[in-house]
Structures are given as structure tokens and as C-alpha cells.
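For any residue, its number in our numbering is found by taking its place in the sequence shown, counting from 1, and adding 55. Beta carbons: idealized from backbone N, C-alpha and C, even for Gly.
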Amino acid sequence: MACKNPTEASPPLDRAILSLPAGIKTGRILPSDELSPVVEHFWWVHWDTEEEQTSEVLSYPSIHVVFEKQEATVVGIVRKKFIRRLHGCGEVFGIKFRPAMFRQFDSTPAHKITDRTFPLDNSVWDRGVIGKILNSPSMTEKAYHAEMALHVPAQATDPQAIHIRDLVEHIRHNPEIRSVSDLTMRAGLTERSLQRLFRDYLGVPPKWVIRRFRLQEASECLAKGEGTIASVAAELGYFDQAHFARDFKSVVGLAPRHFLDKLQAKR
Numbered sequence: 056m057a058c059k060n061p062t063e064a065s066p067p068l069d070r071a072i073l074s075l076p077a078g079i080k081t082g083r084i085l086p087s088d089e090l091s092p093v094v095e096h097f098w099w100v101h102w103d104t105e106e107e108q109t110s111e112v113l114s115y116p117s118i119h120v121v122f123e124k125q126e127a128t129v130v131g132i133v134r135k136k137f138i139r140r141l142h143g144c145g146e147v148f149g150i151k152f153r154p155a156m157f158r159q160f161d162s163t164p165a166h167k168i169t170d171r172t173f174p175l176d177n178s179v180w181d182r183g184v185i186g187k188i189l190n191s192p193s194m195t196e197k198a199y200h201a202e203m204a205l206h207v208p209a210q211a212t213d214p215q216a217i218h219i220r221d222l223v224e225h226i227r228h229n230p231e232i233r234s235v236s237d238l239t240m241r242a243g244l245t246e247r248s249l250q251r252l253f254r255d256y257l258g259v260p261p262k263w264v265i266r267r268f269r270l271q272e273a274s275e276c277l278a279k280g281e282g283t284i285a286s287v288a289a290e291l292g293y294f295d296q297a298h299f300a301r302d303f304k305s306v307v308g309l310a311p312r313h314f315l316d317k318l319q320a321k322r
């Protein structure tokens, strides 16, 4: 079946983005239906700013392939808040793989990539294709070449990878999942087996994934003014604000009150 051209998309601001300063633009391009089970979207960032700006992202549990200047790299899951300081003019193009689905293209256990960046392996990715992506003048052309390169290997299926992908999506869309024990019945696995598969295919444990999604929800609610710190903490199942504040700070980098103060100062 012939590949369809990727489609431009203009979704709402991703809850993973904690701050997007002036002079920085970002967008997404959706893959074809055939590729969408493996790739969530292609993405791009462009900046043109005289003053140094800081972009902060609370990453989803996904591995990315990133193309910038003349380099192509694999970026593992970033467990802490990702901070990038931008100055001058530049752009980045990336591929966001669905959770666990990078395993379709690279057999390296995912935990060996977590919090690390590696050059894209030329034995897996054709150097000519990498060159086309790096040198294409538009983001839609970059996405087209990436789509063509990924289409055939994406047809291979790994049942374990698909199972972990679907479990992560279940956590993402079901706020009532608050503990690993909540997930084991859905997974049909023992907790030990679940931990092992998450380590090998995703790169982080299920507890980390659950907490990351729930705290992303918390930061979004607070940023939109959809509740107080106390009500958001209670909604997420925290029995006391102190525990919530510790978890929030460990992930976002700021206590909830300071997070709100920083948002208020920017308005």
C-alpha cells in the first residue's frame, strides 16, 4: 500500500509543555493511518529570539528521534523536567514514537536509553534518508521522508511492545489508575512481569508512568485555574498536601505554590 502524505495538525498546546516563551513556535504533523500505531506525530520547533529564552517540557514516556543542524539523535525518556535554553535562530524536527514502539526499529533494551542521547544508528537508519530529512527545506517534506523510511519496518509487530503501548495509553486516559496494583489486573500480568516489560520496552517503571501522567494533569489544572492546590491534590488521591507538594516538586521542579506564582508573574 502506498504511503499517504503526512497531515498538518494544529492541536491544543500539549500539557507536557510547561512554558513556551515568545519567539518560539512549535507544531505537529500527523503520520498516515498506517504509521499511526507506531508514531504519535512528527513535531517541530522554530525559534528566533535575540534574548536567551527557556523552554520547559514535562515529557511523556516516549522515545524521540531528533534532527537538528546536521545531526540525528535518539533521545530516551527524560525522567526529570526537560529544560532547553534557546538563543538566536534555529529549528528542530522530531519523531515522537508511541510508548514502547521504538522497539520496532531498535532492539536495544529501552532502559539503556532512558535519560540519555545517542547518535542515530546508521545500521538501522539509511544514511541517505537521514540526509534527506536533515536537508529538506520544509517540515512537511521532512515528515514525508521520515514517513517513507518508517513505513516498511513499522509493519512488523511485537505483541509485547503493543501490550505495553496500550497499557500506557490506558494510564494516560484513565485518571483513576493511581497505583501499580490498579494496573496489574488490566495487564493480566504479575507485578514482577509488568515491571520487567516496562523496563525492557519502555525504559521506566509503571509507577513512574502513573505519577508522571497524574502530575501532568495536576500542573494543567493549576495552570488553568481549575481548582486549588488542596482540591487538585485530593482529586489525584493524595491524602495530604505535603505529599502532593513533594511529588509535584520532584517532577515539575517547583512546589505547587511557586509554580502558580511563576505563572502569575508571566501574565
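*Does DSSP classify L85 as helix, strand or coil?*
The DSSP-derived three-state label of L85 is strand.
*So, helix, strand or coil for A57, using DSSP?*
Any reading at A57 must be qualified, since the residue scores a pLDDT of 37, below 50, and its modelled position is unreliable; no value is offered.
_Cβ-Cβ distance between V184 and A209 below 7 Å_ = No, the pair does not count as a contact, with Cβ atoms beyond the cut-off.
_I'd like to check one pair, G131 with I168: are the Cβ atoms closer than 7 Å?_
Their beta carbons are under 7 Å apart, which means I168 touches G131 by this criterion.
_Quick check on A300: buried or exposed, where buried means 16 or more other Cβ atoms within 10 Å of its Cβ?_
Buried, because 16 or more other Cβ atoms sit within 10 Å of the Cβ of A300.
_Check for me: the alpha helix (DSSP H) holding I219 runs from which residue to which?_
Counting along the chain, I219 sits inside the alpha helix (DSSP H) bounded by residues P214 to H228.
*Do the region 122–142 and the region 86–94 meet, that is, are 3 or more Cβ pairs less than 8 Å apart?*
No, the region 122–142 does not touch the region 86–94.
*Put W263 into one of helix, strand or coil per three-state DSSP.*
Secondary structure of W263 (DSSP, three-state): helix.
*Around the C-beta of F294, are 16 or more other C-beta atoms found within 10 angstroms, so that it is buried, or is it exposed?*
Answer is exposed; the Cβ neighbour count stays below 16.
*K262 to V235, Cα distance in whole Å?*
For the pair K262 and V235, the Cα-to-Cα distance works out to about 6 Å.
*In three-state DSSP terms, what is K135?*
Looking at K135 - three-state DSSP - the assignment turns out to be coil, as it is neither helix nor strand.
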